[in-house]
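Colleague:
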Amino acid sequence: MPFEPWDDTHARRQVALAEERLSSLDTLPDGVAAARAAETVETLVGLYGECLGRISAQLADEPELLGRLAADELVGHLLLVHDLHPEPVETRVRRALAELPGPPELLELTGTTLRLRIKGGCGSAGTEQTVREAVAARAPEIEDVTVESGPQKGALIPVDSLFRGRTPAGSGGMAG
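Residue numbering for the sequence shown follows the numbering used here, starting at 43 and increasing by one per position.
Here it is, written out as structure tokens:
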């Protein structure tokens, strides 16, 4: 029987299901069994990580192929989990931001901290959450995302500066 890959929707559901089941291990009434299940999962993840590391090492001479594999959403996330993704974090962050409407302006990226600005000053809690989710999907190692909203520097002329030097309305024109 030939391999038939999951579509992206099914793959996302499976990832969510796995995360739900893993996070619920702590709620099991038998603490010993829960601990053993968690240890077993950690061992399997470690084993699969070692296998992926070996595959990645073999593909080191084929960066285009490794890049195509990493571009697959599910494979890319798996490579991220094992710190094997071929793209640097800054490239992945910039790509995530570029795909957003706007797109947000990257102000600073240091270690696991990202600071950015939502252009045009029209930020909302929903927009900020969308930005955080996009960054987390591409660069889960980013732990702290600060989203600033406000006009871009030099993008707009402050309204009060338009009226500097004018006399109050109705007093007969420009001050001079």
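Even for Gly, the Cβ is constructed at its ideal location relative to N, Cα and C.
(1) May I ask which residues mark the beginning and end of the beta strand (DSSP E) holding Leu149?
(2) For the putative contact between Pro71 and Pro105, defined by C-beta atoms under 8 Å, what is the C-beta separation to the nearest angstrom?
(3) Return helix, strand or coil for Asp186, following the three-state DSSP convention.
(4) Quick check on Leu70: does DSSP put it in helix, strand or coil?
(5) Quick one: grab the DSSP three-state call for Gly218.
(6) When the Cα atoms are used, what is the spatial distance from Glu190 to Asp103?
(7) Take Ala197 and list the residues in its own chain whose beta-carbon comes closer than 6 Å to its own, dropping the five residues that flank it on each side.
(8) How long is the line joining the alpha carbons of Ala79 and Thr152, rounded to whole angstroms?
(9) By DSSP, does Ala197 sit in helix, in strand, or in coil?
(10) Does the separation of the CB atoms of Ala53 and Glu115 fall below 8 Å?
(11) Taking buried to mean at least 16 other C-beta atoms within 10 Å of its own C-beta, is Pro130 buried or exposed?
(12) Please state if the CB of Val177 and the CB of Ala138 are separated by a distance shorter than 8 Å.
(13) Can you have a look at Pro146 and say buried or exposed, based on whether 16 or more other CB atoms are within 10 angstroms of its CB?
Modeller: This is what the structure gives:
(1) Leu149 -> beta strand (DSSP E) spans 147 to 152.
(2) The C-beta distance from Pro71 to Pro105 rounds to 49 Å, too long to meet the 8 Å contact threshold.
(3) Three-state result, Asp186: strand.
(4) Three-state result, Leu70: coil.
(5) Note that Gly218 has pLDDT 48, beneath the 50 cutoff, so the model's placement of it is unreliable and no number is given.
(6) Approximately 41 Å between the Cα atoms of the pair.
(7) No answer about Ala197 holds up, because its pLDDT of 48 lies below 50 and its placement is not dependable.
(8) Rounded to the nearest angstrom, the gap between the Cα atoms of Ala79 and Thr152 is 36 Å.
(9) Since pLDDT at Ala197 reaches only 48, below the 50 mark, its modelled position is unreliable, and the value read off the structure follows with that caveat. Here Ala197 carries a coil assignment [DSSP, helix/strand/coil].
(10) Yes, they are a contact pair.
(11) When all chains shown are included, Pro130 counts as exposed.
(12) Yes. Within cutoff.
(13) Label assigned to Pro146: buried.
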